[in-house]
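Here's the structure, in structure tokens; my notes come after.
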Amino acid sequence: MSETSETHENRLKRLKMRSMRRGIKEMDILLTAYADANLSLMDHATLDLYDQLLHENDQDLYQWVTGQIPTPAPYGDLIADVAQTHKKA
């Protein structure tokens with residue numbers, strides 16, 4: 006089944022798994038917490054953006070979340086939300 010024809014439930018499971026199984030432990034922790042708190046609440050467009058974000062390099066993601074380098078468009082709000090989720094935990 007292609008990603009475009011998967012059920013909403015399977016998509017959430019796939020995104021959750023991809024959030025958990027990153028290249029570096031720090032991103033596993035950050036993205037798992039974010040996925041747990043937010044995936045089920047996201048609309049289709051936000052899920053698309055999050056799916057796209059998960060294709061990015063972990064080193065880049067970590068630097069964006071920690072503010073070491075500027076976050077490129079269109080990820081600014083999403084990365085800010087990931088960073089805030091970590092601070093709330």
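Heads up: the sequence shown begins at 6 in the numbering used here, then just goes up one per residue.
C-beta atoms are modelled at their ideal positions from N, C-alpha and C, and glycine is treated no differently.
Just so you know, these numbers come straight off a predicted model, no measurement behind them.
Task: Boundaries of the alpha helix (DSSP H) in which Asp48 is found, first to last residue - done: Reading the sequence shown from its first residue, position 43 is the one you call residue 48. That residue, Asp48, is in no alpha helix (DSSP H); it is neither H nor E in DSSP.
Open item on the list: If you reduce the DSSP assignment to three classes, tell me which class Ile74 lands in.
Closed with: Taking the sequence shown and counting its residues from 1, one reaches residue 74 at position 69. Looking at Ile74 - three-state DSSP - the assignment turns out to be coil, as it is neither helix nor strand.
- [ ] Please go through the same chain and pick out, in chain order, the residues whose beta-carbon is closer than 6 Å to the beta-carbon of Met6, but skip the five residues on each side of it.
- [x] Here residue 6 refers to the residue found at position 1 of the sequence shown. For Met6, the predicted structure reports a pLDDT of 46, less than 50, and the residue's modelled location is therefore unreliable. A value from the coordinates is still provided. So no residue of the chain qualifies.
- [ ] Classify Leu66 as helix, strand or coil using the three-state DSSP reduction.
- [x] Residue mapping note: residue 66 aligns to position 61 of the sequence shown, counting from 1. Note: Leu66 maps to helix in three-state DSSP.
TODO: Run the CB neighbour count on Ala40, radius 10 Å, all protein chains shown included, and call it buried at 16 or more, exposed below.
DONE: Locating residue 40 in the sequence shown gives position 35, counting from the first residue. With 16 or more Cβ atoms within 10 Å of its Cβ, Ala40 is classed as buried.
Task: Run of the alpha helix (DSSP H) containing Ser10, from where it starts to where it stops - done: One-based indexing of the sequence shown puts residue 10 at position 5. Per DSSP, Ser10 belongs to no alpha helix (DSSP H) and is neither H nor E.
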